[in-house]
Amino acid sequence: MYLGCHLSASSGYAAMVETASSIGANTFAFFTRNPRGSRAKQENPQDAARAVELLRERHFGPLVAHGAYTMNLCTADPEARAFAADVLLDDLRRMAAIPGNFYNFHPGSHTGQGTAQGIEYISAVLRKSLEPGYPVTVLLETMAGKGSEVGGRFEELKAIIDAVGSNRVGVCLDTCHVYDGGYDIVNDLDGVLAEFDRVIGLDRLKALHLNDSKNPFHSHKDRHECIGQGSLGLKTFETIVNHPALKNLPMILETPNELPGYAGEIAALRGLER
Ligand code: FE
Ligand code: FE
Ligand code: ZN
């Protein structure tokens, strides 16, 4: 199983592979730039090449980069929207240094314009950003449906995927978000996956964010809890890591932890593997 967590990108790609290895991870996530700002790091092709070599040698699964939270592709503010589009294109170009990995991002918040308009903006930007053909698959993250977030329903992700019309678009399922969003993965994981398959198609599911939730089912809140300590509970994660449709996907922890805490959760989850 490919398990990992969010790592600080400040030390470079090769150092992230070393850090991941040191905590028992064989994939990881990182922010392509300051998650709450937009500054990107200086590019270092030697470091990226070294990382690619290490990832292969150590049999890592695909990495799951995360776009900045500030990148809102469907905001009502045209300047901010154009800026977000520039950020996305630059991030995808940067991902070409470590080819074949995933770039996950929050579809966006429509800030009052309505879901249909949001979907239209997001799809248009994605179509354009995929045109250069950078070797990366973008993943739309399933959202909790907080405020004006787009992507809280599988139907919304499907609408974006259809409008973009590329096989370089997939989905990253966040366990906290879908549960908060009203998909009962605690009592009926199979039913939720059947619904995902019916609406989107399971072939589009490329990665998981493993998070417990601080809030009850259908709360639309999005506050992550450590594995086994929230409303999802350890049993749910045992089912997830052993599920035939999920067990081969890269699984990324975004729980409130530092490295030792992540190491503990990774070991615990590996211990649940049947
Ligand atoms: Fe996210
Ligand atoms: Fe997430
Ligand atoms: Zn979240």
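For the sequence shown, my numbering begins at 17 and goes up steadily by one. All residues carry an ideal CB built from backbone N, CA and C; glycine is no exception.
Under a three-way DSSP split, which group does Asn117 fall into?
In the structure shown, Asn117 sits in a strand (DSSP, three-state: E or B).
Quick check on Arg66: does DSSP put it in helix, strand or coil?
It is helical.
Starting from Leu156 and walking both ways along the beta strand (DSSP E), at which residues does that stretch end?
Run containing Leu156: Val152 to Glu157, per the beta strand (DSSP E) assignment.
Around the C-beta of Ser145, are 16 or more other C-beta atoms found within 10 angstroms, so that it is buried, or is it exposed?
So Ser145 counts as buried.
From the DSSP secondary-structure annotation, give me the bridge partner or partners of Cys188.
Per DSSP, Glu157 and Ala223.
Can you name, in chain order, every residue of its own chain whose Cβ lies under 7 angstroms from the Cβ of Thr86, other than the five neighbours on each side?
Around Thr86: Arg52, Gly53 and Ser54.
What whole-angstrom Cβ distance do Val33 and Leu71 have, given they're in contact under 8 angstroms?
The Cβ separation is near 6 angstroms, so the contact holds.
From the DSSP output, which residues share a beta bridge with Ser229?
Ser229 pairs with His240.
Could you tell me whether the Cβ atoms of Ile256 and Thr191 are closer together than 8 angstroms?
In contact: Ile256 and Thr191 (Cβ atoms closer than 8 angstroms).
Which value, in whole angstroms, describes the spacing of the CA atoms of Cys296 and Ala92?
Residue 296 is absent from the model: the chain starts at 17 and stops at 290.
Measure the alpha-carbon distance for Met269 versus Gln129 and round it to whole angstroms.
As written in the sequence, residue 269 is Leu, which differs from the Met given in the question. Between Leu269 and Gln129, the C-alpha separation is close to 32 angstroms.
Taking the alpha helix (DSSP H) that Gly287 falls in, what are its first and last residues?
Start and end: Leu275 to Gly287.
Who are Ile268's beta bridge partners in DSSP?
DSSP lists Gly20 and His225 as partners of Ile268.
I'd like to know whether the C-beta atoms of Pro115 and Pro151 end up nearer to each other than 8 angstroms.
Contact: yes.
Counting only the same chain and skipping the five closest in sequence on each side, list residues whose C-beta sits under 6 angstroms from that of Ala45.
Same-chain partners within the cutoff: His22, Val80, His82 and Ile268.
Helix, strand or coil for Glu165, going by three-state DSSP, please let me know.
Here Glu165 sits in strand by DSSP.
Which residues share a DSSP beta bridge with Ser9?
For residue 9 there is no data in the structure shown, the boundaries of the chain being 17 and 290.
Could you tell me the alpha carbon to alpha carbon distance between Asn88 and Pro260, rounded to whole angstroms?
For Asn88 and Pro260, the distance between alpha carbons rounds to 34 angstroms.
Just tell me which of Glu289, Lys222 and Gly207 has its CA closest to the CA of Asn258.
Closest by alpha carbon: Glu289.
Output the distance between the C-alpha atoms of Ala67 and Phe118, rounded to the nearest integer angstrom.
Distance between the alpha carbons of Ala67 and Phe118: 15 angstroms.
Is Asp228 near ligand 1, with its Cβ less than 7 angstroms from a heavy atom?
Flag unset: Cβ of Asp228 not near ligand 1.
Rounded to whole angstroms, how far is the Cβ of Asp196 from the Cβ of Ser235, which I believe are closer than 8 angstroms?
Yes, Asp196 and Ser235 are in contact; Cβ-Cβ is about 5 angstroms, under 8 angstroms.
When you get a sec, list the residues whose CB is within less than 6 angstroms of any heavy atom of ligand 1, chain order please.
My final list is His82, His122 and Glu157.
Cβ atoms of Tyr18 and Thr48: under 8 angstroms apart, would you say?
It is not a contact, given that the beta carbons lie outside the stated cut-off.
Please report the residue range of the beta strand (DSSP E) in which Ala41 lies.
Here Ala41 belongs to no beta strand (DSSP E), and DSSP marks it neither H nor E.
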